[in-house]
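Participant:
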Amino acid sequence: MPLGEIETHPYLKQGQINGSTKLILGSFPVYECTNQDNQRKQQNRQNEGTVRFFYGSVDSGLWGLYRANIDNQIVLPPNPAMILQSLTQNKIAVSDTIYSCERHEFSSLDAKLIRKNYNRQGVQKLIKNGVRKIICTSKGVMKDLEKQIILSRKDPFGQFDHLASYAFQDRFVSEIGGNINQITTPISKVFLIEDYQVTALAIPSPGSPQRQLSKFGFNGLDWRNYADNYFTKAFNWLNE
125 MPLGEIETHP YLKQGQINGS TKLILGSFPV YECTNQDNQR KQQNRQNEGT VRFFYGSVDS
185 GLWGLYRANI DNQIVLPPNP AMILQSLTQN KIAVSDTIYS CERHEFSSLD AKLIRKNYNR
245 QGVQKLIKNG VRKIICTSKG VMKDLEKQII LSRKDPFGQF DHLASYAFQD RFVSEIGGNI
305 NQITTPISKV FLIEDYQVTA LAIPSPGSPQ RQLSKFGFNG LDWRNYADNY FTKAFNWLNE
């Protein structure tokens, strides 16, 4: 069991793309991809085909969405060098909200992560250097972005714009034929930082979106079509 084992993030610096205006933000890598590396992790990566990189799990689906909507030249399973080149060309950074933590069991669920140390300075640096659009890979990630990074009690550097947030959410959901009345917690947050806006948009889990779609405005008709439309619009918005 990894409980009591402090895991650290191996590749946050790689995702700090110079000149980036956009950001793909997750929480923390799966167990097989963190430091300290060990024989069990190496064996699991070999057995499962996991790549030691952001969203390197074969179940993630994130880079498949990136390939489908932003750069169809990248290959799958993900090649880190190729992805970093594509991200640089498209001015998209990639990062996670957590720098180090412990976890219960070997789960990749955010709820199993404890004693978290947040990547506050890394994400703030990206925003200060030009990031204005953020795709969060879950609502939990967006919550941590707000509570632990932008509006952190230790180091706050922005404020939440309620009106702009709900206006963005309502427009986004209505344009893909969703039902805003299904949404009980926001899918988007707009922050005011100095004299500029930063907009964050949460997406359903790329690996299993059908489990969460009702929380993202699903109209109850065709979940696969709604998920495809949601992801396409989200990534198109990011890369505009």
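All residue numbers for the sequence shown refer to the working numbering, where the first residue is 125 and numbers rise by one.
Beta carbons are placed, not taken as given, at the ideal position from N, Cα and C, and that holds for glycine.
All of these numbers come straight from a predicted model, not from anything done at the bench.
1. Determine the contact status of residue 139 and residue 265, defining contact as a CB-CB distance below 9 angstroms.
2. Work out the CA separation of residue 129 and residue 275 for me, nearest whole Å.
3. Identify every run of the beta strand (DSSP E) within the region 285-340, keeping only runs that are complete inside it and at least 3 residues long; order them along the chain.
4. Residue 228 to residue 155, Cα distance in whole Å?
5. Taking residue 329 as the reference, give the member of 224, 253, 234 with the closest Cα.
6. Quick one: what's got a C-beta closer than 8 angstroms to residue 321's C-beta in the same chain, skipping five residues either side?
7. May I ask which residues mark the beginning and end of the alpha helix (DSSP H) holding residue 172?
8. Given this structure, state the Cα-to-Cα distance separating residue 158 from residue 363, to the nearest angstrom.
9. Taking C-alpha atoms, which residue in 210, 238, 332 lies nearest to residue 218?
10. As a quick exercise: from 192, 345, 181, pick the residue whose alpha carbon is nearest that of residue 356.
11. Is residue 207 closer than 9 angstroms to residue 133 when the C-beta atoms are compared?
12. Taking the continuous beta strand (DSSP E) assigned at residue 241, which residues delimit it?
13. Within its chain, find whatever has a CB closer than 7 angstroms to the CB of residue 347; leave out the 5 residues flanking it on each side and keep chain order.
Facilitator: In brief:
1. Position 15 of the sequence shown holds residue 139. Position 141 of the sequence shown holds residue 265. Contact: no.
2. Counting from 1 along the sequence shown, the entry for residue 275 is found at position 151. Counting from 1 along the sequence shown, the entry for residue 129 is found at position 5. If you draw a straight line from the Cα of residue 275 to the Cα of residue 129, it is about 29 angstroms long.
3. Along the region 285-340, the beta strand (DSSP E) occurs as fully enclosed runs of 3 or more residues at 312-317, 320-326, listed in sequence order.
4. For this step, residue 228 is matched to residue 104 along the sequence shown. For this step, residue 155 is matched to residue 31 along the sequence shown. The C-alpha of residue 155 is placed about 11 angstroms away from the C-alpha of residue 228.
5. For this step, residue 329 is matched to residue 205 along the sequence shown. Distances from the CA of residue 329 to each of 224, 253, 234 were compared; the closest alpha carbon is that of 234.
6. The residue labelled residue 321 in the question sits at position 197 within the sequence shown. Only 256, 285, 288, 314, 315 meet the Cβ criterion.
7. Along the sequence shown, one-based indexing puts residue 172 at 48. Run containing residue 172: 163-172, per the alpha helix (DSSP H) assignment.
8. As a working note, residue 158 is residue 34 in the sequence shown. As a working note, residue 363 is residue 239 in the sequence shown. Between the C-alpha atoms of residue 158 and residue 363 there is a straight-line separation of about 29 angstroms.
9. Within the sequence shown, residue 218 is the residue found at index 94, counting from 1. Measuring from the Cα of residue 218, the nearest candidate turns out to be 210.
10. The residue labelled residue 356 in the question sits at position 232 within the sequence shown. Cα-wise, what sits closest to residue 356 is 192.
11. Position 9 of the sequence shown, counted from the first residue, corresponds to residue 133. Position 83 of the sequence shown, counted from the first residue, corresponds to residue 207. No, Cβ-Cβ distance for residue 133 and residue 207 is not below 9 angstroms.
12. By 1-based counting over the sequence shown, the position of residue 241 is 117. Element bounds for residue 241: 237-242.
13. On the sequence shown, position 223 is the one that residue 347 refers to. These residues qualify, in order along the chain: 334, 337.
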